[in-house]
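Participant: Take 1 as the starting number for the sequence shown in the UniProt record's numbering and just add one per residue.
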Amino acid sequence: MALTNTIITSWKLQEIVAHSSNVSSLVLGKASGRLLATGGEDCRVNIWAVSKPNCIMSLTGHTSPVECIQFNSSEERVVAGSQSGSLRLWDLEAAKILRTLMGHKASVCSLDFHPMGEYLASGSVDSNIKLWDVRRKGCVFRYKGHTQAVRCLAFSPDGKWLASASDDSTVKLWDLIAGKMITEFTSHTSAVNVVQFHPNEYLLASGSADRTVKLWDLEKFNMIGSSECETGVVRSILFNPDGSCLYSGSENTLRVYGWEPDRCFDVVHVGWGKVSDLAISNNQMIAVSYSQNNVSWYVVDLNRVKKSGSVIQGLIQDKPIPAPTSALGSTLRRNYERPTTSCTGQDPEGERRSPSSEDEKEDKESSAEITNPEDYKEIFQPRSAISRTPPKRTEPFAAPLEHSFSESVLEKPGPAVKIVTPVIDRVVLSVGPITSSTPVQRVEPTVIAPIGLNAGDFLSHARNAKASVMGDEEALAQIRKGHDTMCVMLTSRYKNLDTVRSVWASGDVKTSLDSAVSMNDLSIVVDVLNIINLKPSLWKLDLCTSILTQIEELLQSKYESYVQTGCISLKLILKRFWPLISDTLTAPPSVGVDITREERLKCKACYKQLKNLSNVVKNRAEQVGRHGSTFKELQLLMAPLYY
Numbered sequence: 001m002a003l004t005n006t007i008i009t010s011w012k013l014q015e016i017v018a019h020s021s022n023v024s025s026l027v028l029g030k031a032s033g034r035l036l037a038t039g040g041e042d043c044r045v046n047i048w049a050v051s052k053p054n055c056i057m058s059l060t061g062h063t064s065p066v067e068c069i070q071f072n073s074s075e076e077r078v079v080a081g082s083q084s085g086s087l088r089l090w091d092l093e094a095a096k097i098l099r100t101l102m103g104h105k106a107s108v109c110s111l112d113f114h115p116m117g118e119y120l121a122s123g124s125v126d127s128n129i130k131l132w133d134v135r136r137k138g139c140v141f142r143y144k145g146h147t148q149a150v151r152c153l154a155f156s157p158d159g160k161w162l163a164s165a166s167d168d169s170t171v172k173l174w175d176l177i178a179g180k181m182i183t184e185f186t187s188h189t190s191a192v193n194v195v196q197f198h199p200n201e202y203l204l205a206s207g208s209a210d211r212t213v214k215l216w217d218l219e220k221f222n223m224i225g226s227s228e229c230e231t232g233v234v235r236s237i238l239f240n241p242d243g244s245c246l247y248s249g250s251e252n253t254l255r256v257y258g259w260e261p262d263r264c265f266d267v268v269h270v271g272w273g274k275v276s277d278l279a280i281s282n283n284q285m286i287a288v289s290y291s292q293n294n295v296s297w298y299v300v301d302l303n304r305v306k307k308s309g310s311v312i313q314g315l316i317q318d319k320p321i322p323a324p325t326s327a328l329g330s331t332l333r334r335n336y337e338r339p340t341t342s343c344t345g346q347d348p349e350g351e352r353r354s355p356s357s358e359d360e361k362e363d364k365e366s367s368a369e370i371t372n373p374e375d376y377k378e379i380f381q382p383r384s385a386i387s388r389t390p391p392k393r394t395e396p397f398a399a400p401l402e403h404s405f406s407e408s409v410l411e412k413p414g415p416a417v418k419i420v421t422p423v424i425d426r427v428v429l430s431v432g433p434i435t436s437s438t439p440v441q442r443v444e445p446t447v448i449a450p451i452g453l454n455a456g457d458f459l460s461h462a463r464n465a466k467a468s469v470m471g472d473e474e475a476l477a478q479i480r481k482g483h484d485t486m487c488v489m490l491t492s493r494y495k496n497l498d499t500v501r502s503v504w505a506s507g508d509v510k511t512s513l514d515s516a517v518s519m520n521d522l523s524i525v526v527d528v529l530n531i532i533n534l535k536p537s538l539w540k541l542d543l544c545t546s547i548l549t550q551i552e553e554l555l556q557s558k559y560e561s562y563v564q565t566g567c568i569s570l571k572l573i574l575k576r577f578w579p580l581i582s583d584t585l586t587a588p589p590s591v592g593v594d595i596t597r598e599e600r601l602k603c604k605a606c607y608k609q610l611k612n613l614s615n616v617v618k619n620r621a622e623q624v625g626r627h628g629s630t631f632k633e634l635q636l637l638m639a640p641l642y643y
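1) Whether or not the region 500–514 and the region 468–485 are in contact is what I'm after, with contact meaning three or more pairs of Cβ atoms, one per stretch, closer than 8 Å; do they touch?
2) Report back the beta-carbon spacing between E15 and S281 to the nearest angstrom; my notes put them in contact at under 8 Å.
3) Check G138 in the structure and name its three-state DSSP category.
4) Could you please give the first and the last residue of the uninterrupted alpha helix (DSSP H) stretch that includes R211?
5) Give the DSSP-derived three-state secondary structure of Y257 in the structure shown.
6) Rounded to whole angstroms, what is the Cα-Cα separation between D91 and K571?
7) With DSSP as the reference, label A149 as helix, strand or coil.
8) CA-CA distance, N252 and P261?
9) Report the residue from R34, P65, E76 whose alpha carbon sits nearest the alpha carbon of F380.
10) Roughly how many angstroms separate the alpha carbons of L254 and R151, rounded to a whole number?
11) Can you have a look at T491 and say buried or exposed, based on whether 16 or more other CB atoms are within 10 angstroms of its CB?
12) Please report how far the alpha carbon of W545 lies from the alpha carbon of G628, in whole angstroms.
13) What does the alpha-carbon distance come out to for the pair T331 and V275?
14) What did DSSP end up calling L35 once you bin it into helix, strand or coil?
15) L215 and A205: beta carbons closer than 8 Å?
16) Take the Cβ of A80 as the centre, count every other Cβ of all protein chains shown within 10 Å, and call the residue buried at 16 or more, exposed below.
17) So, do the region 145–163 and the region 189–200 have three or more beta carbon pairs nearer to each other than 8 Å?
18) Exposed or buried, R620, counting other C-beta atoms within 10 Å across all chains shown (16 or more means buried)?
19) Span of the alpha helix (DSSP H) holding A621?
20) Give the range of the beta strand (DSSP E) segment to which S124 is assigned.
21) If you measure between the beta carbons of L580 and S614, is that distance less than 8 Å?
22) If you draw a straight line from the C-alpha of V488 to the C-alpha of N372, how long is it?
23) Hey, would you say the C-beta of K575 is under 7 Å away from at least one heavy atom of the ligand MG?
24) Can you give the Cα-Cα distance for E378 and P589, rounded to whole angstroms?
25) Anyone know if the C-beta pair for G207 and I177 falls short of 8 Å?
26) If the criterion is Cβ atoms closer than 8 Å, does the pair L529 and S557 meet it?
27) Could you spell out where the beta strand (DSSP E) holding I47 opens and where it closes?
28) Determine, using beta carbons only, whether S169 and H188 come nearer to each other than 8 Å.
29) Which same chain residues end up closer than 6 Å to R493 when comparing Cβ atoms and leaving out the 5 residues on each side of it in sequence?
30) Using the three-state DSSP reduction, which class does S356 fall into: helix, strand or coil?
31) Could you tell me which residues DSSP pairs with E184 in its beta bridges?
32) If I measure Cβ to Cβ from Q292 and keep anything under 6 Å in the same chain, skipping five residues before and after, which residues do I get?
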């Protein structure tokens, strides 16, 4: 019997809780495939690095749910449209708001950046499309023609055309320089969800709720291909970077299409549910989907996906089709010229406007909160840096291995045993041929122990070489073990949070924080602090006296999220209150009635607690670890306490 390994084609990479409420939109950065922006009903935009567990940056300012998001081509900027019709543009490297654009009368549901980067287009539920000059902070053109919501926008690679897809079942093509519609494609029978230009040739693809993917020739303005997706609505499409094929994402399925003639090269079944966006990095397909407030990443190894050949009676053949096609499998067409000119169309309705005081107020109320400084510095380096990330050379995500026992030299062959396990190292184990007279030895692979976990806690202590097979009842008992305790703990936590929430609703932040502290449950304290940290103006000196002792416990916690919350809270306290504490304690005694006595007592209590915390921070700053740089930053802020 021999143990063989087979690398699987697709797998789930990670699942995260992205927002405090339901996720309403998300987008992958197409340049790297390693950045993700999510928008939620909590009115925030969160920036993530693929495969990293923590949010890098949280962008605030919207007052209604975020309905759509888009990165620019360099992934240095991100724009988000909200349910109220407003757009906000952020500079991720500088971690600041650049523009607030007000214009649509209804929810913004599609966005795209012009290849030159200084323009962006937005589509709305009100059926209008607007072209914005982000430098002048105004709308330069409005396109009318659709009768229902505009669900997707895409600029052509040369920047001269704009394609729009709508719920009215049409795809329209607009000339940006002439400021008018070039043509309209009407072959879809239901809402068109996505549209994308071929990276090189004059070719356009669209995906619809009618379960079809269609391709359009942009020289002759006619349809050259239509393929049906059997698994449901087409939600995402993406051309291969070399333009050789088109990927289509629908419910739990990835399909690979060719055209002229129409053919499906491959079908990959992936458990991603309703996939929302696709990107390619290191010849791997990165896909994301969301449900409620959770976001999941999936990976498809494109090295193991068929991207060429022909289909004969449903089978993929490796020989090319005898037809007048190019090496990439499509009829030769004119290629795009890269953009050298800007949009010059003028708005006949005079919609361009100067920044108003209301816009400036919106900008001031918007902010970019860096929640993970280490990942932020790693990914968004200054423009003057030699290396820019998302990194130019990223390693592919390691695939799990599929282990299977195959028959070799068995006198009495039995059924094959198939085991699927995630791969921790790349060592391949093999067991040589055996016969019925050969004793079978158990081979235990060497596994790298996970940091912070004791593998023995997850294994049965009664396990040995002669242990009998576990029965169903025993297996269920093991599964249920600790379940009641966990239910009691979660029920208690829910009741505690409900108590804090009821106090918070009365507007008394200090009392609600005190009640959380009195419960002797750090998880409750962390939940409350995370809310207060989202709005630093809630911090008062009274809160500091109540919470600094708890922050000391958080900084020494074994849970990373607790440490992170403690660091953010301490940093906010130092920046907001250290000048006040220092000035109050060094001020000369007052003459007459001591009006500042109460405040001075609070400052003394805070100083004493901060002095204790400075020793914890100093010790942690000397350690090498994920939060090392954060503790070094805190140490600099607390420098006056060391003298």
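Glycine residues also receive a C-beta, built at the ideal position from the N, C-alpha and C atoms. Nothing here was measured: the structure is a model prediction, and the numbers come from that model.
Facilitator: This is what the structure holds:
1) no
2) About 19 Å separates the two Cβ atoms, so there is no contact after all.
3) strand
4) No alpha helix (DSSP H) contains R211, which DSSP labels as neither H nor E.
5) strand
6) 23 Å
7) coil
8) 26 Å
9) E76
10) 21 Å
11) exposed
12) Residue identity differs from the one stated: residue 545 is Thr in this sequence, not Trp. One C-alpha to the other measures close to 26 Å.
13) Here T331 scores only 47 on pLDDT, less than 50, and its place in the model is too uncertain to base an answer on.
14) strand
15) yes
16) buried
17) yes
18) buried
19) 597–621
20) 119–124
21) no
22) 33 Å
23) The ligand MG is absent from the structure shown, which contains no ligand whatsoever.
24) 49 Å
25) no
26) no
27) 45–49
28) yes
29) none
30) Only weak support is given to the placement of S356: the predicted model assigns it a pLDDT of 49, under 50, and the question is left unresolved by the model.
31) K172
32) N22
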